[in-house]
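Notes follow the structure.
Residue numbers (our numbering): 283 to 450.
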């Protein structure tokens, strides 16, 4: 091997290790022993803004309070999942929290917290109708967990005009 080739290979390997190391440093699991990580909360808050648009209170303060309560219920729901399922969800949320994963899986350019409701809804719709099964599964997981946690709360029923289940 020539000296020049050896230097090129060494520089390329060094750059690759630097990028990989930076990725590991930025990787934050979606689920920790304390619940959802901050990046995972941002993902689910954004998904909730898109999926629950029209059912959340219109006033900013009411909407933020409803989202905070929703995220608490969502954490309680995720805590009840099997450990293996929780681990898979944690990995998914970690990927969606990083820009490359967000763009590849959700097709969303702006950060979750910075995206408008229209951008979020377009990204979710693109995932829903994607020809790639993984993107469809990600969509269904995010949407189903969001809907289950939100609509399971009796306090949200009144806003929708649902009187609750009939006593048996």
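Yeah, the Cβ is synthetic: ideal placement off N, Cα and C, and Gly gets one too.
The structure displayed is predicted, hence computed values, not measured ones.
Contact between residue 427 and residue 359 holds: their C-beta atoms lie close to 7 Å from each other, under 8 Å. Taking one beta carbon from each stretch, the segment 327-339 and the segment 391-404 have 3 or more pairs nearer than 8 Å; the two touch.
The count of Cβ pairs closer than 8 Å, one atom from the segment 366-379 and one from the segment 429-440, stays below three, leaving the stretches out of contact.
Taken through DSSP and simplified to helix, strand or coil, residue 314 comes out as strand.
In the same chain as residue 446, and ignoring 5 residues on each side of it, the C-beta atoms closer than 8 Å to its own belong to 436, 439, in chain order. Judged by DSSP in its simplified three-state form, residue 390 adopts coil rather than helix or strand.
In the structure shown, residue 379 falls within a helical segment according to DSSP collapsed to helix, strand and coil.
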